[in-house]
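**Student:** So that we are looking at the same thing, I have put the structure below in structure tokens.
Number of protein chains: 2
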Amino acid sequence: MNTAILKRPRGRPTNFDHEEALEKALQVFWAHGYEGASMSELTEALGINKPSIYAAFGNKEELFRKALARYTTGPAAFVGEAMKEPSARLVVEKFLMRAVDFFSDKSTPSGCMIVQGALTCGQSSSAIQQELITYRNGIETMLTKRFELAKTQSDLPPNLNTKQLAKYIATIHQGMSVQATSGATREELIAIVEIALKNLPI
Amino acid sequence: MNTAILKRPRGRPTNFDHEEALEKALQVFWAHGYEGASMSELTEALGINKPSIYAAFGNKEELFRKALARYTTGPAAFVGEAMKEPSARLVVEKFLMRAVDFFSDKSTPSGCMIVQGALTCGQSSSAIQQELITYRNGIETMLTKRFELAKTQSDLPPNLNTKQLAKYIATIHQGMSVQATSGATREELIAIVEIALKNLPI
DNA sequence: CAATTTATTTACCATATGGTACAATAATAA
DNA sequence: TTATTATTGTACCATATGGTAAATAAATTG
Numbered sequence: 027m028n029t030a031i032l033k034r035p036r037g038r039p040t041n042f043d044h045e046e047a048l049e050k051a052l053q054v055f056w057a058h059g060y061e062g063a064s065m066s067e068l069t070e071a072l073g074i075n076k077p078s079i080y081a082a083f084g085n086k087e088e089l090f091r092k093a094l095a096r097y098t099t100g101p102a103a104f105v106g107e108a109m110k111e112p113s114a115r116l117v118v119e120k121f122l123m124r125a126v127d128f129f130s131d132k133s134t135p136s137g138c139m140i141v142q143g144a145l146t147c148g149q150s151s152s153a154i155q156q157e158l159i160t161y162r163n164g165i166e167t168m169l170t171k172r173f174e175l176a177k178t179q180s181d182l183p184p185n186l187n188t189k190q191l192a193k194y195i196a197t198i199h200q201g202m203s204v205q206a207t208s209g210a211t212r213e214e215l216i217a218i219v220e221i222a223l224k225n226l227p228i
Numbered sequence: 027m028n029t030a031i032l033k034r035p036r037g038r039p040t041n042f043d044h045e046e047a048l049e050k051a052l053q054v055f056w057a058h059g060y061e062g063a064s065m066s067e068l069t070e071a072l073g074i075n076k077p078s079i080y081a082a083f084g085n086k087e088e089l090f091r092k093a094l095a096r097y098t099t100g101p102a103a104f105v106g107e108a109m110k111e112p113s114a115r116l117v118v119e120k121f122l123m124r125a126v127d128f129f130s131d132k133s134t135p136s137g138c139m140i141v142q143g144a145l146t147c148g149q150s151s152s153a154i155q156q157e158l159i160t161y162r163n164g165i166e167t168m169l170t171k172r173f174e175l176a177k178t179q180s181d182l183p184p185n186l187n188t189k190q191l192a193k194y195i196a197t198i199h200q201g202m203s204v205q206a207t208s209g210a211t212r213e214e215l216i217a218i219v220e221i222a223l224k225n226l227p228i
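Chains as they are written, first to last, in our numbering: chain Y, 27 to 228; chain W, 27 to 228.
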């Protein structure tokens, strides 16, 4: 089954599972943000010593990037999934509703890591801050492209400004992330989405 | 005119203007958040040495609280002002439109300090984090109360859930704060508000 | 077996953090 | 003038930060 142990590499074997460790790092960064997560908290959470972390993942920045990649392909993968819905309207519904599930999942930190990982920070973290902005823009771009596709399918009117609509949806998503971190309940988040959907311009 | 110098206090006079210093501290905290603003950056920005800051304002937490108070009664006072508009609809319009002006003002940091001052942080800042949540809830409560008043004036239907509506408006506001910090232009923010207003349930 | 390779542990590094002791300074009060 | 009071500047403190050197341990190769 596990092909990884069929042919062991040369030296002393690694004593921890990289994916498991990355998952734990993700939880810490997700909960406290890039700056708010200290290396000592991370070492404690991962259960391995610092030199092992640095050997396996590079440095704090790299560890964050790898945790972030895991985040987007794991818990936050629903964003890409939502784009596959058959109509623009359903895409928005799915995106926002799944975001509510996501934000109110009590087994994970509240809020979106891409929104809150480094919104404000010291100068030393500006690289990460900028990368998260790029990720946020990426979500907007996904929405825009999906709306453009809907236009070609006569699912949306040709005069509709897809970029603006995407930005509006992203704004609600980001606002809900803040709400979730502020303690908003699942029911409250659903109410927000219902208001938003009931009054959607599409 | 200046009554403060008519009767000087006993010892060596203070060498800096407290309000000016607080204003500079506000700018730093606003731009970098509570944790992201270091005492050394603050001392440099205020142009006074650390012992003077501590003598005048207590400690970093107290300095932040005083800067935050200045924020709410100064640049962010428009929130309370907006509540005075004659109808619920106009309250929301004014609140969101003035927020756009506020967020896109190039002479101040982008985004809202109450939203971004300590969204995520290390454990040592959880007190400030909690206080900012309380401030955010306060804005929602202002909106709720204003909508309740509108009900008594037959300005809003009696069956309308004012808390939910307030939370929805607050969500858009918070989302726009994230957008502003991510580089959204004034025009883009206006477009967001226009979509939101065009589809308002009131 | 020894040699080699890699990972772990321990202990440490330079720097930055929030915060302060203490002496010097500048004002007022007597 | 002298005493008193309060603020300033310098120099410092304990601790935490991200990060690493060096020795040790555990595996494979020959």
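Glycine residues also receive a C-beta, built at the ideal position from the N, C-alpha and C atoms.
1) Can you look up Gly137/W in the DSSP assignment and give me helix, strand or coil?
2) Within the 8 Å Cβ cut-off, does Asn225/Y reach chain W?
3) Can you tell me whether Gly59/Y is buried or exposed, with buried defined as 16 or more other CB within 10 angstroms of its CB?
4) For the alpha helix (DSSP H) that Gly100/Y lies in, which residues bound it at each end?
5) Listed in chain order, which residues of the segment 176 to 206 of chain W have Cβ atoms closer than 9 Å to some Cβ of chain Y?
6) When the cut-off is 8 Å and only beta carbons count, does Met27/Y lie next to chain W?
7) Would you say Ala103/Y lies against chain W (beta-carbon separation less than 8 Å)?
8) What are the boundary residues of the alpha helix (DSSP H) that Gly209/W is part of?
9) To which residues of the same chain is Ala153/Y closer than 8 Å at the C-beta, ignoring the five residues directly before and after it?
10) Looking at C-alpha atoms only, which residue of Ile221/Y, Gln205/Y, Gly37/Y is the closest neighbour of Gly137/Y?
11) Suppose the cutoff is 6 Å on Cβ atoms and the five residues either side in sequence are ignored; what does the same chain contact list for Phe121/Y look like?
12) Among Phe129/Y, Arg172/Y, Arg36/Y, Ile79/Y, which residue has its Cα nearest to the Cα of Glu213/Y?
13) Which full runs of the alpha helix (DSSP H) of 4+ residues lie inside the segment 57 to 85 of chain W, going along the chain?
14) When the Cα atoms are used, what is the spatial distance from Gly209/Y to Pro77/Y?
15) Using a Cβ-Cβ cut-off of less than 8 Å, list which residues of the segment 211 to 224 of chain W approach chain Y; keep chain order.
16) In terms of residue numbering, what span does the alpha helix (DSSP H) encompassing Gly106/Y cover?
17) Can you check whether the C-beta of Leu169/W is within less than 8 Å of a C-beta belonging to chain Y?
18) Considering Ala163/W, what are the terminal residues of the alpha helix (DSSP H) in which it resides?
19) Starting from Asp181/W, follow the alpha helix (DSSP H) in both directions and report where the run begins and ends.
20) Since I believe Leu158/W is in contact with Ala144/W (beta carbons under 8 Å), could you give me their beta-carbon distance rounded to a whole number of angstroms?
21) Using a cut-off of 9 Å between C-beta atoms, extract the partners of Gln53/Y located in chain W.
22) Can you tell me whether DSSP reads Asp131/Y as helix, strand or coil?
23) May I have the straight-line CA-CA distance separating Ala103/Y from Ser151/Y, to the nearest angstrom?
24) Give a yes or no on whether the C-beta atoms belonging to Tyr194/Y and Ile218/W are separated by under 8 Å.
**Tutor:** Let me spell this out:
1) In the second sequence, counting from the first residue as 1, residue 137/W sits at position 111. In the three-state scheme derived from DSSP, where H, G and I count as helix and E and B as strand, Gly137/W is classed as coil.
2) Within the first sequence, numbered from 1, the residue matching residue 225/Y stands at position 199. Chain W, which has a Cβ nearer than 8 Å to the Cβ of Asn225/Y, makes this yes.
3) Within the first sequence, residue 59/Y is the residue found at index 33, counting from 1. Buried, since its Cβ has 16 or more Cβ neighbours within 10 Å.
4) Working through the first sequence from its first residue, we reach residue 100/Y at position 74. In the DSSP annotation of this structure, Gly100/Y is not part of any alpha helix (DSSP H), being labelled neither H nor E.
5) Close to chain Y, meaning a Cβ-Cβ distance shorter than 9 Å, are the following residues of the segment 176 to 206 of chain W: Asn187, Lys189, Gln190, Leu191, Lys193, Tyr194, Ala196, Thr197, Ile198, His199, Gln200, Gly201, Met202, Ser203, Val204, Gln205.
6) Indexing the first sequence from 1 puts residue 27/Y at position 1. Its pLDDT being 39, under 50, Met27/Y is placed unreliably by the model, and nothing is read from it.
7) The residue you call residue 103/Y lines up with position 77 of the first sequence. With 8 Å as the cut-off, Ala103/Y does not count as an interface residue toward chain W.
8) As a position in the second sequence, residue 209/W is number 183, starting the count at 1. Unbroken run through Gly209/W: none, as it is neither H nor E.
9) Taking the first sequence and counting its residues from 1, the one referred to as residue 153/Y is at position 127. Here the set comprises Glu87.
10) In the first sequence, residue 137/Y corresponds to position 111, counting from 1. Measuring C-alpha to C-alpha distances from Gly137/Y to each of Ile221/Y, Gln205/Y, Gly37/Y identifies Gln205/Y as the nearest.
11) Here residue 121/Y refers to the residue found at position 95 of the first sequence. Around Phe121/Y: Ala108.
12) What you label residue 213/Y is simply residue 187 of the first sequence in a count that begins at 1. The shortest Cα separation from Glu213/Y among Phe129/Y, Arg172/Y, Arg36/Y, Ile79/Y belongs to Phe129/Y.
13) Qualifying alpha helix (DSSP H) stretches, in chain order: 65 to 72, 76 to 83.
14) Here residue 209/Y corresponds to residue number 183 of the first sequence, with the count starting at 1. Here residue 77/Y corresponds to residue number 51 of the first sequence, with the count starting at 1. Approximately 37 Å, taken between the alpha carbons.
15) Within the segment 211 to 224 of chain W, the residues whose Cβ lies closer than 8 Å to some Cβ of chain Y are Glu214, Ala217, Ile218, Ile221, Ala222, Lys224, listed in chain order.
16) For the purposes of this step, residue 106/Y is taken as residue 80 along the first sequence, with counting starting at 1. Taken as a continuous stretch (DSSP letters only), the alpha helix (DSSP H) holding Gly106/Y covers 104 to 108.
17) Working through the second sequence from its first residue, we reach residue 169/W at position 143. The Cβ of Leu169/W sits no closer than 8 Å to any Cβ of chain Y.
18) Taking the first residue of the second sequence as 1, we reach residue 163/W at position 137. It should be pointed out that residue 163/W corresponds to Asn in this sequence rather than to Ala. Segment 152 to 178, the alpha helix (DSSP H) holding Asn163/W.
19) Taking the first residue of the second sequence as 1, we reach residue 181/W at position 155. Looking at the DSSP string, Asp181/W is not in any alpha helix (DSSP H), and its letter there is neither H nor E.
20) Your numbering for residue 144/W matches position 118 in the second sequence. Your numbering for residue 158/W matches position 132 in the second sequence. Between Ala144/W and Leu158/W the beta-carbon gap is near 5 Å, inside 8 Å, which marks them as a contact.
21) Numbered from its first residue, the first sequence carries residue 53/Y at position 27. Those do not exist, as Gln53/Y stays about 13 Å from chain W at its closest Cβ, beyond 9 Å.
22) Taking the first sequence and counting its residues from 1, the one referred to as residue 131/Y is at position 105. Asp131/Y falls in the coil class under three-state DSSP.
23) On the first sequence, residue 103/Y is found 77 positions in, with the first residue counted as 1. On the first sequence, residue 151/Y is found 125 positions in, with the first residue counted as 1. Each residue's alpha carbon lies about 25 Å from the other.
24) Position 168 of the first sequence holds residue 194/Y. Position 192 of the second sequence holds residue 218/W. Yes, these two residues count as a Cβ contact at 8 Å.
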